[in-house]
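> Let me begin by handing over the structure; questions about it come next.
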Amino acid sequence: MQSMTERETPSVDGLVIAILGGTGDQGRGLARRFALAGHQVLIGSRSAERAQSAAAELGHGVRGLANADAAREAGVVIAAVPWEGHGELLSALAGELAGKIVVDCVNPMGFDKQGAYPLPVAEGGPAEGSAAQQAAALLPGSRVVAAFHHVSAVLLLDPEVDTMDLDVLVLGDDRDATELVQALAGRIPGVRGIYAGRLRNCGQIEALTANLVSINRRYKAHAGLRITDI
Ligand SMILES: NC(=O)c1ccc[n+]([C@@H]2O[C@H](COP(=O)([O-])OP(=O)(O)OC[C@H]3O[C@@H](n4cnc5c(N)ncnc54)[C@H](OP(=O)(O)O)[C@@H]3O)[C@@H](O)[C@H]2O)c1
-10 MQSMTERETP
0 SVDGLVIAIL
10 GGTGDQGRGL
20 ARRFALAGHQ
30 VLIGSRSAER
40 AQSAAAELGH
50 GVRGLANADA
60 AREAGVVIAA
70 VPWEGHGELL
80 SALAGELAGK
90 IVVDCVNPMG
100 FDKQGAYPLP
110 VAEGGPAEGS
120 AAQQAAALLP
130 GSRVVAAFHH
140 VSAVLLLDPE
150 VDTMDLDVLV
160 LGDDRDATEL
170 VQALAGRIPG
180 VRGIYAGRLR
190 NCGQIEALTA
200 NLVSINRRYK
210 AHAGLRITDI
């Protein structure tokens, strides 16, 4: 077996990152952290004006564009839209996203009186499906990687938080792409990107977010995960 130390960590220097739905909390939070790490970051939106004003508010050289233009200009594109809009947006951008690494952080989740619960996803076969598998099905020309499901947008956006205490689980079927996204996660101070399996194992990663929401509510926290012995 080849360990991570035997393979070189890919360089992410100079990587241009676009974030679809980048006007939301998660998108702005990731944009802020990657811009602080020295990346050129493009926030995408269904409205270029909304993207420009969110980008201006963030500063750090972040630019705002329509989703399609942001996707076109970037090497890595993060999808940070609500589950409800996920399939429609990705199918519309399949052309722009071809040949790119698409990072999916979407958690299909519902809320009722008992709190958060994972929504069933059709894509993915007999086992649990996932948003990431839906992305892979809709984007045959892209390299889909799943990551950043358990990162708190509140902490990403908090100027008082210099370093974040969590591991980002990274899943995918393309080793070079997952390793690049692991390295990208590592650009956020305190964060490690840990490979956590193929896309077919992403359903439970997305579903686990409902448990984290329950933890956060009970303990008034922004809980993250750490993997031991690595
Ligand atoms: N918030 C968190 O802490 C967190 C953590 C981990 C993962 N996530 C995941 O990240 C994703 C985004 O979370 P969020 O809290 O940032 O969500 P959000 O604020 O509700 O949505 C993000 C952006 O998506 C765009 N959008 C909304 N509905 C859309 C639709 N039907 N089609 C296309 N675009 C749409 C909106 O931008 P425009 O109107 O400008 O287009 C919105 O600002 C979710 O899937 C969530 O599960 C969130």
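Counting from -10, one number per residue, gives the positions in the sequence shown under my numbering. Note that CB positions come from ideal geometry on N, CA and C, so glycine has one too. All figures in this text were calculated on a predicted structure; none of them were measured in a lab.
(1) Answer yes or no: the CB of F23 versus the heavy atoms of ligand 1, is any distance below 8 Å?
(2) Buried or exposed for Q103, going by 16 or more other Cβ atoms inside 10 Å?
(3) Confirm the yes/no value for this check: CB of R35, any heavy atom of ligand 1, distance under 8 Å.
(4) Would the segment 187 to 196 and the segment 110 to 127 be scored as touching if the rule is three or more Cβ pairs under 8 Å?
(5) Could you name the residues of the same chain whose beta carbon sits closer than 6 Å to that of S34, not counting the 5 residues immediately before and after it, in chain order?
(6) By DSSP's criteria, G16 is part of a beta bridge. Which residues make up the other side?
(7) Could you work out which residue in L201, A124, G27 is closest to A105 when comparing CA atoms only?
(8) Do C94 and V133 count as a contact pair if the criterion is CB distance below 9 Å?
(9) How many Å lie between M153 and T(-2) at the Cα?
(10) Any chance the CB of C191 is under 8 Å from a heavy atom of ligand 1?
(11) G179 and L155: beta carbons closer than 9 Å?
(12) G76 and R189 - do their beta-carbons sit closer together than 9 Å?
Short version:
(1) no
(2) exposed
(3) yes
(4) yes
(5) T12, A40
(6) Answer by DSSP bridge pairing: none, since G16 is not bridged.
(7) L201
(8) no
(9) Their backbone Cα atoms lie some 21 Å apart in a straight line.
(10) no
(11) Closer than 9 Å, so yes.
(12) no
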